[in-house]
């Protein structure tokens, strides 16, 4: 009697499930820039796959984006990972502060324009998110 | 597409003028003209016209022919744009074409301004084309003759210095048969107004002087006529582009009125003469407003009626229609007064459409009729739209308070068999008024 | 293409706005000086009440005889010019650029509205193109300059619509759109498009002449 492949198959599935489940708990399921900070949006949320982006851009330093603030200026030495952008950059900012949309646009476009890589036009970011 | 080059008409004045030209000569004169006499207006008009073609429907020539080379903008395109594009260095035959367009295919009636969102004054542009042609010595023979007459005699029709008072006295004598107390007062200093006419009146429409004298006599007004040159208020030099002669004529006219110390000048029923005295001459002479107030007959008759100085025996019974001449309607806003006078005189007034400021031109004014027989058909065939407009009223009497309009409309009426006749307001008033002294 | 995009939204944008604003100011001042020098006998008759009254009549659709007798042109011309101003000034994408680069922000039109208005401009350009080709009296007076100006405006809005709908490579289309728009801005003071600067004055002048000298209306 041959051994049934059922058990190894189940094991394989279990491993696969674990592997799939772990990224699901990290930012790997992020497909767009978070828009919770906006009361209403004009366009589709900007497409942004966090981990894939960082891998492609070879970004290891979180504070490159998740920066802090010192004396009303951007402070790249502080790492603010985990704090939602909109906690500091509210959609309607007080004078001297950078509102959320401007912060996003400067963050993404500014870097892409500097590096001359990645999307810079409206339509290249604000497109329908790829289906999960 | 057809252009002006396909319909050139032989005119000895144009031909001789063009034969003397070279492209270099033309360019020199053109550049002098642009640098010397044109400014921001010409520059703006040349640059900003967006070539929308909306002005096409404004022009009686286009509406009659439905040919794209007759629209106001097409006339500019075939003249001024060509000159500017070539910086004035054009073949002499281009000047022939420019002259024919400018002198015979545009009446400077300014109706097209009602169609241009940018307010481009096509009449002004065409006047500058005429000015260039004049400076180049390319003007139609017949109208040039009238300008020569102005230059030599200060009147349009070679009326000699002695023929003028003679004609007035002759008309006075004739009128005294009917109105024994009538005078045509010559050179009366301090009279209320100086009455001025165009030279064709003493030359071949003397009854108009007679009628005017009869009306003034019945109205009991204080008036005078000059016995000296300066009596002719017409100005063909204005239409040939001869601004220097134009200004001499206007100066003579105003100075005659000033010498007589009259309060104002009253003019006969002529449109272009009114334009010259009221709007053009003063500007060239650097006077913001006319130094002696100028009143057109329509306005003057209206005032006489308001003052109750004209009394009628009866009203004109047959229905009439009103032709609005460009120079006193678009040129002076007399449309309502013209109507009030006409309604005062006539039982039944049938309006033609369009009317008032929007009326179609007679196609004779602007010097076109003065270009004479070679171009007669240009203005008659080129105004079939007017014939249609007149026909649609269904009336047989046409009131037109302008000499040029009379000439042009009579030709149209006869060519298109309209069975109408034209009348001046003076004709009607004379016919209908109470003539207490008359024997 | 990235480098060109950077150039287009950076130095070229500065250049275009500078040429447009300074060029327009220069042209207006130079024209004013010329008018005062050479057209004094006409400048003397300028009358603001008549000018404003006439302008009011002419910016009213079907207000003037010219508009009434050319209904097609009237509808399209008004739609075209209104959209031509609204879209560039109140499009979210344009505001976002000013916001990101300069921190200037103002209310925007909803995207779908702006999109529709842009398509209206493209359609209007097609109508004008058709007129230039098919209407004899317009064909007769059309020169190279007119085709170029129409193409410039048409291309600017067409590339804008295509970029918005993400048709074609977006970076390419957007860059082309920006370059066309900048060319159009620069063209305003120096081409037929200068009717945007001078049109009000030529209308105002002729209205003064008709109103205060001739006691007639010019509409």
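Protein chains in written order, with full-length UniProt numbering: chain A, 1 to 132; chain B, 1 to 439; chain C, 1 to 219.
Ideal Cβ positions, reconstructed from N, Cα and C, are used throughout, including at glycine.
Asked: C-beta neighbour in chain C for residue 33 of chain A, strict 8 Å; Found: no
Asked: Length at least 3, wholly inside the stretch 2-83 of chain B: the beta strand (DSSP E) runs in chain order; Found: none
Asked: Chain-ordered chain C contacts of residue 47 of chain B [CB-CB under 9 Å]; Found: 191, 192, 194, 195, 198
Asked: Residue interval of the alpha helix (DSSP H) (run including residue 194 of chain B); Found: Here residue 194 of chain B belongs to no alpha helix (DSSP H); instead the beta strand (DSSP E) covers 193-196.
Asked: Coarse secondary structure for residue 68 of chain A, derived from DSSP in three states; Found: strand
Asked: Exposed unless 16 or more other CB atoms sit within 10 angstroms - verdict on residue 155 of chain B; Found: buried
Asked: Residue 360 of chain B beta carbon less than 8 Å from that of residue 386 of chain B; Found: yes
Asked: Cα-Cα separation, residue 32 of chain B to residue 113 of chain C; Found: 53 Å
Asked: Neighbour flag for residue 357 of chain B against chain C, beta carbons, 8 Å; Found: yes
Asked: Neighbourhood of residue 63 of chain C by C-beta, 6 Å cutoff - its chain only, sequence neighbours within 5 removed; Found: 57
Asked: Among B:1, B:94, B:81, the one whose alpha carbon lies nearest that of residue 22 of chain B; Found: B:94
Asked: Start-to-end residues for the beta strand (DSSP E) that takes in residue 73 of chain A; Found: 73-75
Asked: Residue 131 of chain B, enclosing alpha helix (DSSP H) - first and last residue; Found: 122-135
Asked: Same chain only: Cβ atoms within 7 Å of residue 299 of chain B, ignoring 5 sequence neighbours per side; Found: 334, 337
Asked: With 16 other Cβ atoms within 10 Å as the buried cut-off, status of residue 146 of chain B; Found: buried
Asked: Beta-carbon gap between residue 73 of chain B and residue 98 of chain B smaller than 8 Å; Found: no
Asked: Interface flag, residue 24 of chain A vs chain C, CB-CB below 8 Å; Found: Model confidence at residue 24 of chain A stands at a pLDDT of 44, short of 50, so the residue's coordinates are unreliable and nothing is read from them.
Asked: Where residue 134 of chain C falls, given that 16 or more other Cβ within 10 Å makes a residue buried; Found: exposed
Asked: Runs of beta strand (DSSP E) lying entirely within the stretch 218-301 of chain B, each at least 3 residues, in chain order; Found: 264-267, 294-296
Asked: Among B:28, B:276, B:54, B:238, nearest to residue 131 of chain B - alpha-carbon criterion; Found: B:238
Asked: Between the CA atoms of residue 34 of chain B and residue 330 of chain B - distance to the nearest angstrom; Found: 28 Å
Asked: Residues bridged to residue 215 of chain B (per DSSP); Found: Beta-bridge pairing links residue 215 of chain B to no other residue.
Asked: Residue environment, residue 107 of chain A, which counts as buried when at least 16 other CB atoms sit within 10 Å; Found: buried
Asked: Alpha-carbon spacing of residue 30 of chain A relative to residue 87 of chain A, whole angstroms; Found: 18 Å
Asked: Residue-chain proximity (residue 227 of chain C, chain B), Cβ-Cβ < 8 Å; Found: As shown, chain C starts at 1 and ends at 219. That puts residue 227 of chain C outside it, with no answer to give.
Asked: Given residue 83 of chain C as reference, the closest of C:34, C:59, C:120 once Cα atoms are compared; Found: C:120
Asked: Within-8 Å CB hit, residue 47 of chain C to chain B; Found: no
Asked: Residue 421 of chain B (DSSP reduced to helix, strand or coil); Found: strand
Asked: Buried or exposed by the 16-neighbour rule on C-beta atoms within 10 Å, applied to residue 80 of chain B; Found: buried
Asked: Classification of residue 43 of chain B by the beta-carbon crowding that lies within 10 angstroms, buried from 16 upward; Found: buried
Asked: Cβ contact (3+ pairs, closer than 8 Å) linking the stretch 132-151 of chain B and the stretch 235-250 of chain B; Found: yes
Asked: Reduced DSSP category for residue 322 of chain B - H, G, I as helix; E, B as strand; rest coil; Found: strand
Asked: Buried versus exposed call for residue 219 of chain C [16 or more other C-beta atoms within 10 Å across all chains shown]; Found: buried
Asked: Range of the contiguous alpha helix (DSSP H) that encloses residue 399 of chain B; Found: From DSSP, residue 399 of chain B is part of no alpha helix (DSSP H) but of the beta strand (DSSP E) over 397-399.
Asked: Under 8 Å from the C-beta of residue 34 of chain C: neighbouring residues of chain B; Found: 39, 40, 43
Asked: Own chain, CB closer than 8 Å to residue 139 of chain C, minus 5 neighbours either side, in chain order; Found: 132, 133
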